[in-house]
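K.L.:
Below is a structure I'd like to ask you about.
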Amino acid sequence: MVRDVVVLASGRGSNFAALLDAQRQTAVPIRIRALLSDKPAAPALARAREAGIDAVALSAADFPDRAAFDRALFARVAEFHPDLIVLAGYMRVIDTAVVDAWRARIINIHPSLLPKFPGLRTHARALEAGDSMHGASVHFVTGELDGGPVFAQVEMPILAGGTPEALARRLLPLEHRLLVASVDLIARGHIVLGSSGVELDGVPLAAPLRLQIDGSLRSGFS
Ligand code: GRF
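Okay, so the sequence shown: first residue is 200 according to my numbering, each after it adds one.
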């Protein structure tokens with residue numbers, strides 16, 4: 200069964216492009232129905248249009264407050280009847296009531312090993328903390344910023360003398376593989392957010408799955 204997906208992005212859209220590639224290669228049983236953005240100039244919108252995918256931009260400045268904007272944006276999302284909403288570089292906090300209406304059907308990719316470094320400047324903060332490892336996480340979205348249940352992560356070592364930019368550059372291709380593998384597990388029904396947490400094939404997930412060298416997500420390391 201093919202799952203309908205809507206992607207939200209605020210910027211460049213390389214994670215969106217990775218999902219698009221996976222769909223084209225029929226590696227993942229999804230059909231991306233639309234790309235929505237809060238930034239009318241986001242390159243992600245152009246990428247969607249080039250691919251023949253509906254691209255919709257709404258500007259927060261046109262709405263009285265966050266909740267009104269989020270209600271309008273997600274009303275547009277709902278028109279595409281998604282099974283899954285993917286936040287891929289979507290840089291706004293979403294109103295809790297709006298998010299709750301999509302519980303278990305909305306995920307986000309975040310460039311840190313959550314619960315470390317929710318929010319912005321994750322690469323700089325990992326360096327400032329003197330961490331030896333960095334990475335990215337995929338989690339179900341709740342009203343708490345980058346705070347919903349994490350079910351998949353990729354880790355990589357931090358090299359001595361690195362910059363935040365270099366770290367971001369090294370992490371990005373791993374993010375792409377992590378997101379594709381995460382969406383694949385959800386689309387195939389393996390990962391589900393149940394009433395008491397994330398389940399993998401019906402069994403509570405004790406710790407986030409890790410991206411393996413072969414691109415799959417499993418417990419622990421290969
Ligand atoms: C990624 O690092 C993502 O994890 C973060 O924002 C960046 C978006 O990149 N939330 P892109 O727009 O997908 O290229």
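Note that beta-carbon positions come from the ideal geometry of N, C-alpha and C, so glycine has one too. The structure presented is a predicted model; accordingly, all values stated were derived computationally and were not measured.
Can you round the beta-carbon distance between Leu371 and His338 to whole angstroms, since I take them to be within the 8 Å contact cut?
P.N.:
With a Cβ gap of about 18 Å, Leu371 and His338 do not count as contacting.
K.L.:
Tell me which residues share the same chain as Val298 and place their Cβ nearer than 6 Å to its Cβ, disregarding the 5 neighbours each side in the sequence.
P.N.:
Taken in chain order, the residues that qualify are Val340, Gly342.
K.L.:
May I have a chain-ordered list of the alpha helix (DSSP H) segments no shorter than 4 residues that lie completely inside the region 214-294?
P.N.:
Fully enclosed alpha helix (DSSP H) runs of 4 or longer: 242-249, 265-278.
K.L.:
What does the alpha-carbon distance come out to for the pair Ala221 and Val379?
P.N.:
Cα to Cα, Ala221 sits roughly 7 Å from Val379.
K.L.:
Determine which residues share a DSSP beta bridge with His338 and list them.
P.N.:
The partner list for His338 (beta bridge, DSSP) reads Asn307, Val349.
K.L.:
If you measure between the beta carbons of Ala335 and Gln352, is that distance less than 8 Å?
P.N.:
Yes. Within cutoff.
K.L.:
Of the residues Ile308, Gly210, Phe350, which one's Cα is nearest the Cα of Arg409?
P.N.:
That would be Phe350, whose Cα lies nearest to the Cα of Arg409.
K.L.:
Compare the beta carbon distance of Ala287 and Ala208 with 8 Å and say whether it is the shorter of the two.
P.N.:
Closer than 8 Å, so yes.
K.L.:
In whole angstroms, give me the CA-to-CA distance for Val382 and Ala266.
P.N.:
Rounded to whole angstroms, Val382 to Ala266 spans 27 Å at the Cα level.
K.L.:
Take Ser213 as the anchor and find which of His375, Val227, Ala240, Arg223 has the nearest alpha-carbon.
P.N.:
Of His375, Val227, Ala240, Arg223, the residue nearest in Cα terms is His375.
K.L.:
Looking at Phe215 and the ligand GRF, is the gap between the Cβ and the nearest heavy atom below 7 Å?
P.N.:
Yes, Cβ of Phe215 sits closer than 7 Å to a heavy atom of the ligand GRF.
K.L.:
Less than 8 Å between the beta carbons of Val201 and Pro228, yes or no?
P.N.:
Contact flag set, yes.
K.L.:
Check this for me: beta carbons of Leu235 and Val276, under 8 Å apart or not?
P.N.:
Yes, they are a contact pair.
K.L.:
Return the residue from the list Leu384, Val391, Val402, His389 that minimises the CA-CA distance to Gly414.
P.N.:
With distances taken between Cα atoms, Gly414 lies closest to Leu384.
K.L.:
Please tell me whether, using a cut-off of 7 Å, the distance from the CB of Gly401 to the nearest non-hydrogen atom of the ligand GRF is below it.
P.N.:
For the ligand GRF, not one heavy atom lies less than 7 Å from the Cβ of Gly401.
K.L.:
Is Pro310 close to the ligand GRF? I mean its beta-carbon at under 7 Å from any heavy atom of the ligand.
P.N.:
Answer for Pro310: yes, Cβ within range of the ligand GRF.
K.L.:
For Gly251, which of Arg230, Ala271, Thr295, Lys238 has the nearest alpha-carbon?
P.N.:
Nearest C-alpha to Gly251: Arg230.
K.L.:
Using three-state DSSP, classify Ala208 as helix, strand or coil.
P.N.:
Three-state DSSP puts Ala208 in coil, outside helix and strand.
K.L.:
Quick one: grab the DSSP three-state call for Leu373.
P.N.:
Leu373: helix per DSSP, three-state reduction.
K.L.:
I'd like to check one pair, Gly210 with Pro239: are the Cβ atoms closer than 8 Å?
P.N.:
No, they are not a contact pair.
K.L.:
Between Glu278, Pro317, Leu358, His309, which lies nearest to Met332 when the distance is taken from Cα to Cα?
P.N.:
Checking every option, the nearest Cα to that of Met332 belongs to Leu358.
K.L.:
Compare the C-beta of Ser236 with all C-beta atoms of chain B and state if any pair is closer than 8 Å.
P.N.:
Reference to chain B is not applicable here, since this structure consists of a single protein chain.
K.L.:
Residue range of the alpha helix (DSSP H) that Arg324 falls in?
P.N.:
Note, Arg324: alpha helix (DSSP H), 321-327.
K.L.:
Starting from Val201 and walking both ways along the beta strand (DSSP E), at which residues does that stretch end?
P.N.:
Note, Val201: premise wrong, no beta strand (DSSP E); not H, not E.
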